[in-house]
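In my numbering, the protein residues as written are 130 to 289.
All C-beta atoms, glycine included, are put in the ideal place defined by N, C-alpha and C.
Data block below; observations after.
As structure tokens, then:
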């Protein structure tokens, strides 16, 4: 859905980047890759009404796969909203510190690496704790929190 709105506002969603980077990949293949786990989490049955059996598929899902999904989702969200929650901003930096090979070589990694030095050398639980610590630090940065590119609505909006 966010992909559609990113295109609607004239942005280039992450899927466009993926298709340009991997010319042998078509949009149908990309969507199947993107949605293989989503459908297993969201739906109990196939379109035919038959119950899904996703145990084997879900056994391959790991927390690390969430890194990529969140990065892409927030990337496209920023194109649409022209702002991001501080948690998402910090996550984007954390992601690029964890996966520096994903960063455009034309962009200096110095700032990213200084925010999360040697992030890859830590075990996963410590990497996530460092993310949380940086989010807390960012929330206390008045300049960042008052920046128009920082969305200040809560990530989880209460139910009436």
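*Please go through the region 130-175 and give each complete alpha helix (DSSP H) segment of 4 or more residues, from N-terminal end onward.*
Listed in chain order, they are 131-137, 143-150 and 156-171.
*Start-to-end residues for the alpha helix (DSSP H) that takes in residue 217*: Taking the first residue of the chain shown as 1, we reach residue 217 at position 88. Note, residue 217: alpha helix (DSSP H), 215-227.
_Unbroken alpha helix (DSSP H) run spanning residue 208, endpoints_ = Here residue 208 is taken as the residue at index 79 of the chain shown, counted from 1. Its alpha helix (DSSP H) spans residues 192-210.
*Cα separation between residue 212 and residue 275?*
To locate residue 212, count along the chain shown from 1; it is residue 83. To locate residue 275, count along the chain shown from 1; it is residue 146. Straight-line spacing of the CA atoms in residue 212 and residue 275 works out to 12 Å.
*Terminal residues of the continuous alpha helix (DSSP H) containing residue 278?*
Here the question's residue 278 lines up with position 149 in the chain shown. Boundaries for residue 278: no alpha helix (DSSP H) harbours it, and the DSSP string shows neither H nor E there.
*Roughly how many angstroms lie between the CA atoms of residue 238 and residue 231, to the nearest whole one?*
Here residue 238 refers to the residue found at position 109 of the chain shown. Here residue 231 refers to the residue found at position 102 of the chain shown. Approximately 11 Å, taken between the alpha carbons.
*Measure the CB-CB distance between residue 149 and residue 208 and report whether it falls below 8 Å.*
In the chain shown, residue 149 corresponds to position 20, counting from 1. In the chain shown, residue 208 corresponds to position 79, counting from 1. No, Cβ-Cβ distance for residue 149 and residue 208 is not below 8 Å.
*Limits of the alpha helix (DSSP H) - the one that residue 244 falls within*: Taking the chain shown and counting its residues from 1, the one referred to as residue 244 is at position 115. Counting along the chain, the alpha helix (DSSP H) containing residue 244 begins and ends at 239-244.
*Alpha carbon to alpha carbon, what distance is there between residue 131 and residue 202?*
Position 73 of the chain shown, counting from 1, holds the residue named residue 202. Position 2 of the chain shown, counting from 1, holds the residue named residue 131. Rounded to the nearest angstrom, the gap between the Cα atoms of residue 202 and residue 131 is 7 Å.
*Kindly indicate which residue of 270, 286 and 170 has the alpha-carbon position closest to the one of residue 187.*
Position 58 of the chain shown, counting from 1, holds the residue named residue 187. Checked all of 270, 286 and 170; the closest Cα to residue 187 is 170.
*Out of 179, 139, 220 and 182, state which residue places its alpha-carbon closest to the alpha-carbon of residue 196.*
Taking the chain shown and counting its residues from 1, the one referred to as residue 196 is at position 67. Nearest C-alpha to residue 196 among 179, 139, 220 and 182: 220.
*In whole angstroms, what separates the C-alpha of residue 154 from that of residue 165?*
For the purposes of this step, residue 154 is taken as residue 25 along the chain shown, with counting starting at 1. For the purposes of this step, residue 165 is taken as residue 36 along the chain shown, with counting starting at 1. Taking the straight line from one Cα to the other gives about 16 Å.
_Same chain, Cβ closer than 7 Å to residue 142, five either side skipped, listed in chain order_ = Walking along the chain shown from the start, residue 142 turns up at place 13. The answer, listed in chain order, is 132, 135, 136, 205 and 208.
*Touch test, the region 174-184 against the region 232-252, Cβ-Cβ under 8 Å, three pairs minimum*: Under the Cβ criterion (8 Å, minimum of three pairs), the region 174-184 does not count as touching the region 232-252.
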